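Protein chains: 2
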Amino acid sequence: MASLTSHIHCQDCSMSSLCIAQPLDNDSMVRLDTIIQRRKPLQKRDLLTTAGAPLQFLYAVRSGSLKTYTLDDKGVEQIIDFHLPGDLVGFDALADGHHRSFSQALETTMLCEIPVQSLDDLASQMPTLRKQMMKLMSSELFASKQLLGDLNNRSAQQRLAHFLLTLSQRFAERGLSGKSFRLTMTRADIGNYLGLSVETISRILSALQTDGTLAVKNKLVEIRSLDQLNSLAGH
Amino acid sequence: MASLTSHIHCQDCSMSSLCIAQPLDNDSMVRLDTIIQRRKPLQKRDLLTTAGAPLQFLYAVRSGSLKTYTLDDKGVEQIIDFHLPGDLVGFDALADGHHRSFSQALETTMLCEIPVQSLDDLASQMPTLRKQMMKLMSSELFASKQLLGDLNNRSAQQRLAHFLLTLSQRFAERGLSGKSFRLTMTRADIGNYLGLSVETISRILSALQTDGTLAVKNKLVEIRSLDQLNSLAGH
DNA sequence: CTTTTTTCATGATCCTGCTCAATAATTTGT
DNA sequence: ACAAATTATTGAGCAGGATCATGAAAAAAG
Chain A
1 MASLTSHIHC QDCSMSSLCI AQPLDNDSMV RLDTIIQRRK PLQKRDLLTT AGAPLQFLYA
61 VRSGSLKTYT LDDKGVEQII DFHLPGDLVG FDALADGHHR SFSQALETTM LCEIPVQSLD
121 DLASQMPTLR KQMMKLMSSE LFASKQLLGD LNNRSAQQRL AHFLLTLSQR FAERGLSGKS
181 FRLTMTRADI GNYLGLSVET ISRILSALQT DGTLAVKNKL VEIRSLDQLN SLAGH
Chain B
236 MASLTSHIHC QDCSMSSLCI AQPLDNDSMV RLDTIIQRRK PLQKRDLLTT AGAPLQFLYA
296 VRSGSLKTYT LDDKGVEQII DFHLPGDLVG FDALADGHHR SFSQALETTM LCEIPVQSLD
356 DLASQMPTLR KQMMKLMSSE LFASKQLLGD LNNRSAQQRL AHFLLTLSQR FAERGLSGKS
416 FRLTMTRADI GNYLGLSVET ISRILSALQT DGTLAVKNKL VEIRSLDQLN SLAGH
């Protein structure tokens, strides 16, 4: 099965449309492909990056999911992001060449490993690749700043509704069902990310279940009324 | 005085150490300088960017300050960032070539105008410039994600203390006093940014004044006890 | 399969920060 | 310089969500 993994190339990766490879012509993609390594899958709870470690690779998620977090001075975890297939992990380390956060697999997760040195070499020769990297960072930057506003002035219910909608959209973009999906993170993770207590997450999920907006069964979520969820999120 | 403004070059700009020009050698800086335009100062309340408008320039703040915000579907302002001298404005527009937010001057503000097309041309020839742009974006990205966590799980007092400390640091980096500075934004702006009501901002400022952490006189803030402010922020 | 650990659900209580309200101080416009 | 508008301060009351506590359900470990 290792042979299967190692035989997947950018050219036929289903995630390439979201990835750094998106705007490249076939020839460029082949060149990108040659510098990319595959590695054996991460198991649940395995760490991909550690804060402070020197940056060697950027990672593209092929399947599975991760959470990115920092530890504050008191050692308290602060979740910064969740990563789904097609997402890139490691941009925050470009600033000074060291990772600034921890990334941990939430389930069995497969990745592409992109050596930053080679990527930089390639970027200097390929304007399209350079622009794509800028675009991805710019998008992430805006999304992150937008999120700040989205969360700050909103109620617990609005935050959670927004979170579920965003997940739904992201699954849909990845060719998966946006109606029905599995939360790979715990309620505590969601609460941490949204600045709410576990209890609040639990209570709101129950309430949304009761009023028919969602069907929740453990980690499985089904969106019963997208309209209602949208209006709860305030969109 | 217009002649004075137009005669300032990257080579002798006091902000160049924070700006995109930071790592460039003198020759490169001169080349960068030739593509940069100066323009007449923005007056308080003037808009620099408008959401939806095509991206033509990135801007570097030379003096003064701005706020960046979006308008939600109900037309409610959501402040995303404050910009001080040395900051770059416009990175969020690189993703699709259109500005995604409004930037408004909080006071009389001078700017450098950097045409993105020329900047991109230059970046393709100058690896150092390219890397610096990536670094700046990466830093901003991490700062923004970090901020999310910093705000989310913290009390009103911790948030405001954190905000003031960040401002203080930024002023200090810019060669200004970090002990004593002027808030160019209103209390309402701060509240909007931190997800707190104006009243809460006002009350906490009064409380910090009473307990001797700060001296506040209208827009003027003096940090009386940095230690105390630090411990309030939870650092 | 059984035991242990982790995660989730729900209730009761409390407190932080919001809303509403009234006044004062600054800033802006004429 | 004055009037109007915006911004800031302070108080009272209320409510959303945190915390504490307990039990149930899943998941992980053995």
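As you go down the protein sequences, you meet chains A and B in turn. With the working numbering as the guide, the letters of the first sequence map in order to residues 1 to 235. With the working numbering as the guide, the letters of the second sequence map in order to residues 236 to 470. Every residue gets a Cβ at the ideal spot worked out from N, C-alpha and C, and that includes glycine. Note that the coordinates shown come from a computational prediction; the quantities given were computed from them, not determined experimentally.
- Task: Taking only runs that begin and end inside the segment 119-197 of chain A, name each unbroken alpha helix (DSSP H) of 4 or more residues, in chain order.
- Result: 127-152, 156-173, 187-194
- Item | Boundaries of the beta strand (DSSP E) in which G79/A is found, first to last residue | As a first step, residue 79/A must be located in the first sequence, where it is residue number 79. Position check: residue 79/A holds Ile in this sequence, whereas Gly was assumed. 77-83 is the extent of the beta strand (DSSP E) around I79/A.
- Item | Residues from the segment 305-317 of chain B in contact with chain A, defined by Cβ distance under 9 Å | T305, D307, D308, K309, V311, Q313, I314, I315, D316
- What three-state label does DSSP hand R38/A in the structure shown? Sequence index remark: in the first sequence, residue 38/A carries index 38 (1-based). Note: R38/A maps to strand in three-state DSSP.
- From the DSSP output, in three-state form, read off S16/A for me. Taking the first sequence and counting its residues from 1, one reaches residue 16/A at position 16. It is coil, neither helix nor strand.
- Query: How big is the Cα-Cα spacing for L136/A and N453/B?
  - Reply: Here residue 136/A corresponds to residue number 136 of the first sequence, with the count starting at 1. Here residue 453/B corresponds to residue number 218 of the second sequence, with the count starting at 1. For L136/A and N453/B, the distance between alpha carbons rounds to 41 Å.
- Is any beta-carbon of chain B found at less than 8 Å from that of G178/A? Within the first sequence, the letter at position 178 stands for residue 178/A. Cβ-Cβ to chain B under 8 Å: no for G178/A.
- Secondary structure of A2/A, DSSP reduced to three states: By 1-based counting over the first sequence, the position of residue 2/A is 2. With a pLDDT of 39 at A2/A, under the threshold of 50, the modelled position of that residue is not reliable, and the figure given next carries that caveat. In the three-state reduction of the DSSP assignment, A2/A falls in the helix class, which pools H, G and I.
- Message: Measuring only the C-alpha atoms, how far is E471/B from A105/A?
- Response: Any question about residue 471/B goes unanswered here, given that chain B covers just 236 to 470.
- Please look up how many angstroms separate the CB atoms of K44/A and E113/A, rounded, as I've assumed it's under 8 Å. Translated into positions along the first sequence, residue 44/A becomes position 44. Translated into positions along the first sequence, residue 113/A becomes position 113. No, K44/A and E113/A are not in contact; Cβ-Cβ is about 19 Å, not under 8 Å.
- Short CB-CB distance (under 8 Å) between T250/B and chain A: As a position in the second sequence, residue 250/B is number 15, starting the count at 1. It is worth fixing the name first, because residue 250/B is Met in this sequence and not Thr. Not one chain A Cβ lies under 8 Å of M250/B.
- Kindly list, in the order they appear in chain B, the residues whose Cβ is closer than 7 Å to that of P23/A. Walking along the first sequence from the start, residue 23/A turns up at place 23. Within chain B, no residue comes near P23/A; the closest Cβ sits about 12 Å away, beyond 7 Å.
- Does the beta-carbon distance from T284/B to F337/B come in below 8 Å? Residue 284/B sits at position 49 when you count from the first residue of the second sequence. Residue 337/B sits at position 102 when you count from the first residue of the second sequence. One thing to note: T284/B has its Cβ within 8 Å of the Cβ of F337/B.
- Query: From this set, Q404/B, D331/B, L395/B, which residue's C-alpha is nearest R438/B's C-alpha?
  - Reply: Translated into the one-based positions of the second sequence, residue 438/B becomes position 203. Per the Cα distances, L395/B.
- S373/B touches chain A at which residues, Cβ-Cβ below 8 Å? Here residue 373/B corresponds to residue number 138 of the second sequence, with the count starting at 1. Residues of chain A passing the Cβ test: F91, D92, A93, L94, A95, M137.
- For A207/A, name the three-state secondary structure that DSSP assigns. Stepping through the first sequence from its first residue, residue 207/A is reached at position 207. Reduced to three states, the DSSP call for A207/A is helix.
- Item | Alpha-carbon spacing of V116/A relative to V89/A, whole angstroms | Position 116 of the first sequence holds residue 116/A. Position 89 of the first sequence holds residue 89/A. The alpha-carbon atoms of V116/A and V89/A are separated by roughly 12 Å.
- So A295/B is in the beta strand (DSSP E); what residue range does that whole segment cover? The sequence position of residue 295/B within the second sequence is 60, counting from 1. Per DSSP, the continuous beta strand (DSSP E) segment holding A295/B begins and ends at 292-298.
- Use the C-beta contact count for D462/B: other C-beta atoms within 10 angstroms, 16 or more gives buried, fewer gives exposed. For this step, residue 462/B is matched to residue 227 along the second sequence. By the 10 Å Cβ count, D462/B comes out exposed.
- CA nearest to the CA of S298/B, picked from Q381/B, T419/B, S432/B, Q444/B: Reading the second sequence from its first residue, position 63 is the one you call residue 298/B. Checked all of Q381/B, T419/B, S432/B, Q444/B; the closest Cα to S298/B is T419/B.
- Message: Checking 8 Å against the spacing of the C-beta atoms, do Q236/A and N192/A come in under that value?
- Response: A question about residue 236/A goes unanswered here, because the residues of chain A that appear run from 1 up to 235.
- Query: Closest to R187/A by CA distance: which of Q125/A, F142/A, S124/A, I201/A is it?
  - Reply: Along the first sequence, one-based indexing puts residue 187/A at 187. Nearest in C-alpha terms to R187/A, of all of Q125/A, F142/A, S124/A, I201/A, is I201/A.
- Query: Would you call L443/B buried or exposed, if buried means 16 or more other Cβ atoms sit within 10 Å of its Cβ?
  - Reply: One-based indexing of the second sequence puts residue 443/B at position 208. So L443/B ends up on the buried side.
- Message: Going by DSSP, what residue range makes up the beta strand (DSSP E) through Q104/A?
- Response: The residue you call residue 104/A lines up with position 104 of the first sequence. Counting along the chain, the beta strand (DSSP E) containing Q104/A begins and ends at 102-105.
- Message: Only counting the same chain, and skipping five residues up and downstream in sequence, which positions put a Cβ closer than 7 Å to that of N230/A?
- Response: Looking up residue 230/A in the first sequence gives position 230. Closer than 7 Å at Cβ, skipping near neighbours: L165.
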